[in-house]
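K.L.:
I have a structure I would like to understand better, so I am pasting it below and will then ask my questions one at a time.
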Amino acid sequence: MSRTVRIALLAGALTLAGVLPALAQVDVNLGSLTPENVKGYLEPLPKALSVTLNSAAFQTANVPMAGLNFSIGIHVMAMAFKDEDRTYSPTDPPGFTSTAPVAAPTVVGDEQAVTQPGQGGLTQVYPGGFDLNQFEIAVPQVTVGSLFGTKLMGRWIEVNTGDSELGKAKLWGVGAQHNLSHYMAESPVDVSIGAMYQAFELGDDKLIDSKTWHAEVTASRNVLPWLQPYLAAGYDSFKMEVNYDQDLSGGGTQNTNVKFDDENSAHFTAGLLLGFPTIKLHAQVDLASRIGAAAGVRFGFGS
Amino acid sequence: MRIHRLLPLAVLALGGLSLGSGCPTIPKIQDRVVELAVGGTTTLDFVADGSTNTWSGNATYDLADLDINSLLGDSGIDLQHVKSITLSGVSYRVSVPDQTAGRTITSGTVLASRSGGGGPVTLLTGFHGPADVETPFTTASVQPDGVTMINQLLADILAAAKTGTPVANSTITYDYNGESTPNGVPTHFTWQLKLDLSIVGTVKVKVLDGD
Numbered sequence: 001m002s003r004t005v006r007i008a009l010l011a012g013a014l015t016l017a018g019v020l021p022a023l024a025q026v027d028v029n030l031g032s033l034t035p036e037n038v039k040g041y042l043e044p045l046p047k048a049l050s051v052t053l054n055s056a057a058f059q060t061a062n063v064p065m066a067g068l069n070f071s072i073g074i075h076v077m078a079m080a081f082k083d084e085d086r087t088y089s090p091t092d093p094p095g096f097t098s099t100a101p102v103a104a105p106t107v108v109g110d111e112q113a114v115t116q117p118g119q120g121g122l123t124q125v126y127p128g129g130f131d132l133n134q135f136e137i138a139v140p141q142v143t144v145g146s147l148f149g150t151k152l153m154g155r156w157i158e159v160n161t162g163d164s165e166l167g168k169a170k171l172w173g174v175g176a177q178h179n180l181s182h183y184m185a186e187s188p189v190d191v192s193i194g195a196m197y198q199a200f201e202l203g204d205d206k207l208i209d210s211k212t213w214h215a216e217v218t219a220s221r222n223v224l225p226w227l228q229p230y231l232a233a234g235y236d237s238f239k240m241e242v243n244y245d246q247d248l249s250g251g252g253t254q255n256t257n258v259k260f261d262d263e264n265s266a267h268f269t270a271g272l273l274l275g276f277p278t279i280k281l282h283a284q285v286d287l288a289s290r291i292g293a294a295a296g297v298r299f300g301f302g303s
Numbered sequence: 001m002r003i004h005r006l007l008p009l010a011v012l013a014l015g016g017l018s019l020g021s022g023c024p025t026i027p028k029i030q031d032r033v034v035e036l037a038v039g040g041t042t043t044l045d046f047v048a049d050g051s052t053n054t055w056s057g058n059a060t061y062d063l064a065d066l067d068i069n070s071l072l073g074d075s076g077i078d079l080q081h082v083k084s085i086t087l088s089g090v091s092y093r094v095s096v097p098d099q100t101a102g103r104t105i106t107s108g109t110v111l112a113s114r115s116g117g118g119g120p121v122t123l124l125t126g127f128h129g130p131a132d133v134e135t136p137f138t139t140a141s142v143q144p145d146g147v148t149m150i151n152q153l154l155a156d157i158l159a160a161a162k163t164g165t166p167v168a169n170s171t172i173t174y175d176y177n178g179e180s181t182p183n184g185v186p187t188h189f190t191w192q193l194k195l196d197l198s199i200v201g202t203v204k205v206k207v208l209d210g211d
């Protein structure tokens, strides 16, 4: 394996590992929650994963009609949470009737648990969050082209620490981008259309199991030989399920599946590509279900 | 202006717009102390007897037998970092049915007395349902005085567990009674009382986050 490939995979693994240490505690917190409240507790995650996974797939609209093009690199995608992502309104679990509403912290909310008063002096406790302002993820991406103005891309990363406290993460994706400029007479910018499908699992036994696809139209043009701004307008669709061990009344646990509402959103991108013969750097901002940003570096030849 | 000259301006405008509305920053590893919540239960068995149209009985349980470490399981919460144990729910069920077909109980009440002179206070009211079949757990109507007594005992048990000392006055005697039909046939069944507990404790974790 070449040094470049090893560095890309290691960087991706390390960044993915950054989200893992708290995973065991997320699993613990879910156990005490009903499926309805698991949805509330993890509500910020679909938006976070949707905007990050669906960013940085395409950094140029310049897809050659033919010829060998290859690059491998690492893309880091991040998004910022809003204040409204930090709390949710829990629903009463069976056997408990609340006497006052509370705003319980989501997984990205305050670290303090919230206690809700109930009938007869009972209390229900909702666990604290991890006080996160943002979410980030990094993945390696390989791009190969071009044939009939089309290139293909793939993403893959898998981290398994072998430690039950840390768990594992797995991401894979495939995509394609096709040159539209050659259908247009004298287009002032390069234009392409692209799509990517990805699957992302986090934790043991598919604790978080998500699938997403993204499609976009990209426009770009070299304003200097090595500087290429790009714009994109697209659409994200994201599905997520959670499989957790729910604490049973009377003891023991039961594996419970929770399906989240689909997260569908328009996705706009603006970015800059610095393109040198064998190395390309890019940075972009994304406006989708949340505001995101991404940056990356790739090595190779061709566009 | 030609359209391709607008491209860099549009990129800069969209970038500036995003940066002004809360964009992610360079992340770093940070410490967090998170309050986790773990559920636990303890189940108590009681025998109810009666000769006319009533049923009653009493039993004493030592809640000091509660194994907090076992309830914490593999949650990662250290006993010293448990902040509270409180009662989050109470339910009951018939576990060994009465042999008389059609046996039904109503108006059940449970009083609780803590050793050392606490109580008696009313813990539950309004027990009802069939007693001639095994039943699932039913949510009980709890009373604040009884809940306060159990919560105080749980707090004492937690404090004692942290210091490794015995719990003073750790037993609770439950006195229960109610009405029973059909009349004139002796009543005999076994029922269970389940106490659902919420345990809150802190763990220190590392997260990747921006400022």
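Residue numbers (the numbering used here), protein chains in the order written: chain Y, 1 to 303; chain X, 1 to 211.
Beta carbons are placed, not taken as given, at the ideal position from N, Cα and C, and that holds for glycine.
In this text, all values refer to a predicted model and were calculated from it rather than measured experimentally.
1. Apart from the five residues on each side of it in sequence, which residues of its chain come closer than 8 Å, Cβ to Cβ, to LYS162/X?
2. In the DSSP assignment, find the unbroken beta strand (DSSP E) run with ASN69/X in it and report its ends.
3. My output table needs one value for MET196/Y: the three-state DSSP class, helix, strand or coil.
4. Are any of the Cβ atoms in chain Y nearer than 9 Å to that of VAL133/X?
5. What first and last residue would you give for the alpha helix (DSSP H) that runs through TYR230/Y?
6. Which residue's Cα is closest to the Cα of SER214/X: GLY210/X, GLN192/X, THR202/X, LEU208/X?
7. With 9 Å as the C-beta to C-beta threshold (strictly closer), list the residues of the segment 119-142 of chain Y near chain X in chain order.
8. Could you give the uninterrupted runs of the alpha helix (DSSP H) lying entirely in the segment 42-92 of chain X, keeping only those of 4 residues or more?
9. Reducing DSSP to helix, strand and coil, say where LEU207/Y ends up.
10. If you drop the 5 nearest sequence neighbours on each side, which residues of the same chain put their C-beta closer than 8 Å to that of LEU272/Y?
11. Looking at C-alpha atoms only, which residue of GLN143/X, ALA159/X, TYR92/X is the closest neighbour of PHE127/X?
12. Taking only runs that begin and end inside the segment 112-151 of chain Y, name each unbroken alpha helix (DSSP H) of 4 or more residues, in chain order.
13. Put LYS39/Y into one of helix, strand or coil per three-state DSSP.
14. Locate the alpha helix (DSSP H) running through THR148/X, then write down its first and last residues.
15. Please classify PHE148/Y: is it buried, with 16 or more other beta-carbons within 10 angstroms of its beta-carbon, or exposed?
16. Starting from the beta carbon of ASN29/Y, find every residue of chain X whose beta carbon is closer than 7 Å, and list them in chain order.
17. Should VAL26/Y be labelled buried (16 or more other beta-carbon atoms within 10 Å of its own) or exposed?
18. At a Cβ threshold of 9 Å, is GLN80/X touching chain Y?
19. What does a CB cutoff of less than 6 Å around ASP92/Y pick up in its chain, not counting 5 residues either side in sequence?
20. Between which two residues does the alpha helix (DSSP H) containing SER50/Y stretch?
21. Using beta-carbon positions only, say whether ARG155/Y and VAL125/Y come within less than 9 Å of one another.
22. To the nearest angstrom, how far is the alpha carbon of GLU165/Y from that of LEU180/Y?
23. What did DSSP end up calling GLY296/Y once you bin it into helix, strand or coil?
24. Does the beta carbon of LEU192/Y sit closer than 9 Å to a beta carbon anywhere in chain X?
25. Ends of the beta strand (DSSP E) at HIS188/X?
26. According to DSSP, is PRO21/Y helix, strand or coil?
27. Taking 9 Å as the CB-CB cut-off, is PRO21/Y touching chain X?
28. Could you please give me the residues that DSSP links to HIS75/Y through a beta bridge?
29. So that I know if they touch, is there some Cβ in chain Y lying closer than 9 Å to that of THR25/X?
30. Hey, could you find the ends of the beta strand (DSSP E) ASP83/Y is sitting in?
31. THR256/Y bridges to which residues according to DSSP?
32. State the DSSP-derived secondary structure class of LEU180/Y, mapped to helix, strand or coil.
33. Under 8 Å, with one C-beta from each stretch per pair, do the segment 119-138 of chain X and the segment 60-74 of chain X reach the 3-pair mark?
34. Can you tell me whether GLY117/X is helix, strand or coil according to DSSP?
35. Quick one: is GLN268/X near chain Y, going by C-beta distance under 9 Å?
P.N.:
Considering the structure as presented:
1. Walking along the second sequence from the start, residue 162/X turns up at place 162. If we look at LYS162/X and ignore the five residues flanking it on each side, its Cβ neighbours are LEU79, GLN80, VAL82.
2. As a position in the second sequence, residue 69/X is number 69, starting the count at 1. No beta strand (DSSP E) holds ASN69/X; the alpha helix (DSSP H) holding it covers 68-72.
3. Working through the first sequence from its first residue, we reach residue 196/Y at position 196. Three-state DSSP puts MET196/Y in a strand.
4. Translated into the one-based positions of the second sequence, residue 133/X becomes position 133. No, VAL133/X lies away from the interface with chain Y (no Cβ there is under 9 Å from its Cβ).
5. As a first step, residue 230/Y must be located in the first sequence, where it is residue number 230. Per DSSP, TYR230/Y belongs to no alpha helix (DSSP H); it is in the beta strand (DSSP E), 227-247.
6. Look at the range of chain X in this structure, 1 to 211, and you will see that residue 214/X is not part of it.
7. GLN119, GLY120, GLY121, LEU122, THR123, GLN124, VAL125, TYR126, PRO127, GLY128, GLY129, PHE130, ASP131, LEU132, ASN133, GLN134, PHE135, GLU136
8. Fully enclosed alpha helix (DSSP H) runs of no fewer than 4 residues occupy 68-72 of the segment 42-92 of chain X, in order along the chain.
9. In the first sequence, residue 207/Y corresponds to position 207, counting from 1. LEU207/Y falls in the coil class under three-state DSSP.
10. Start at 1 with the first residue of the first sequence, and residue 272/Y comes out as number 272. The answer, listed in chain order, is LEU227, GLN228, PRO229, TYR230, HIS282, ALA283, GLN284.
11. For the purposes of this step, residue 127/X is taken as residue 127 along the second sequence, with counting starting at 1. Nearest to PHE127/X by C-alpha distance, out of GLN143/X, ALA159/X, TYR92/X, is TYR92/X.
12. Runs of the alpha helix (DSSP H) lying entirely within the segment 112-151 of chain Y and spanning at least 4 residues: none are present.
13. To locate residue 39/Y, count along the first sequence from 1; it is residue 39. Here LYS39/Y sits in helix by DSSP.
14. The residue given as residue 148/X occupies position 148 in the second sequence. Looking at the DSSP string, the run of the alpha helix (DSSP H) that includes THR148/X is 144-163.
15. By 1-based counting over the first sequence, the position of residue 148/Y is 148. Exposed.
16. As a position in the first sequence, residue 29/Y is number 29, starting the count at 1. Residues of chain X passing the Cβ test: LEU36, ALA37.
17. For the purposes of this step, residue 26/Y is taken as residue 26 along the first sequence, with counting starting at 1. Buried, since its Cβ has 16 or more Cβ neighbours within 10 Å.
18. Here residue 80/X corresponds to residue number 80 of the second sequence, with the count starting at 1. No, GLN80/X lies away from the interface with chain Y (no Cβ there is under 9 Å from its Cβ).
19. Start at 1 with the first residue of the first sequence, and residue 92/Y comes out as number 92. So the list reads SER98, once near-sequence residues are dropped.
20. Your numbering for residue 50/Y matches position 50 in the first sequence. Note, SER50/Y: alpha helix (DSSP H), 44-53.
21. Counting from 1 along the first sequence, the entry for residue 155/Y is found at position 155. Counting from 1 along the first sequence, the entry for residue 125/Y is found at position 125. Their beta carbons are not under 9 Å apart, which means ARG155/Y does not touch VAL125/Y by this criterion.
22. As a position in the first sequence, residue 165/Y is number 165, starting the count at 1. As a position in the first sequence, residue 180/Y is number 180, starting the count at 1. Bear in mind that the predicted position of GLU165/Y carries a pLDDT of just 47, short of 50, making it unreliable; the figure below should be weighed with that in mind. If you take the alpha carbons of GLU165/Y and LEU180/Y, they lie about 48 Å apart.
23. As a working mapping, residue 296/Y is identified with position 296 in the first sequence. Correct three-state label for GLY296/Y: strand.
24. Along the first sequence, read from residue 1 onward, the residue named residue 192/Y stands at position 192. Correcting the residue type first, residue 192/Y is Ser in the shown sequence and not Leu. No, because no Cβ of chain X sits closer than 9 Å to the Cβ of SER192/Y.
25. Counted from its first residue, the second sequence places residue 188/X at position 188. Looking at the DSSP string, the run of the beta strand (DSSP E) that includes HIS188/X is 187-209.
26. Taking the first residue of the first sequence as position 1, residue 21/Y is located at position 21. Low confidence applies to PRO21/Y: its pLDDT is 48, below 50, so where it sits in the model is not reliable enough to give any reading.
27. Translated into the one-based positions of the first sequence, residue 21/Y becomes position 21. A caution first: PRO21/Y carries a pLDDT of 48, below 50, which makes its placement in the model unreliable, though a value can still be read off. So, interface residue.
28. Locating residue 75/Y in the first sequence gives position 75, counting from the first residue. Paired residue(s): VAL139/Y, GLY296/Y.
29. For the purposes of this step, residue 25/X is taken as residue 25 along the second sequence, with counting starting at 1. Yes - at least one Cβ of chain Y is within 9 Å of the one on THR25/X.
30. For this step, residue 83/Y is matched to residue 83 along the first sequence. Looking at the DSSP string, ASP83/Y is not in any beta strand (DSSP E), and its letter there is neither H nor E.
31. Taking the first residue of the first sequence as 1, we reach residue 256/Y at position 256. Answer is TYR244/Y.
32. Walking along the first sequence from the start, residue 180/Y turns up at place 180. In the three-state scheme derived from DSSP, where H, G and I count as helix and E and B as strand, LEU180/Y is classed as coil.
33. no
34. Taking the first residue of the second sequence as position 1, residue 117/X is located at position 117. Three-state DSSP puts GLY117/X in coil, outside helix and strand.
35. This structure cannot speak to residue 268/X, because chain X is shown only from 1 to 211.
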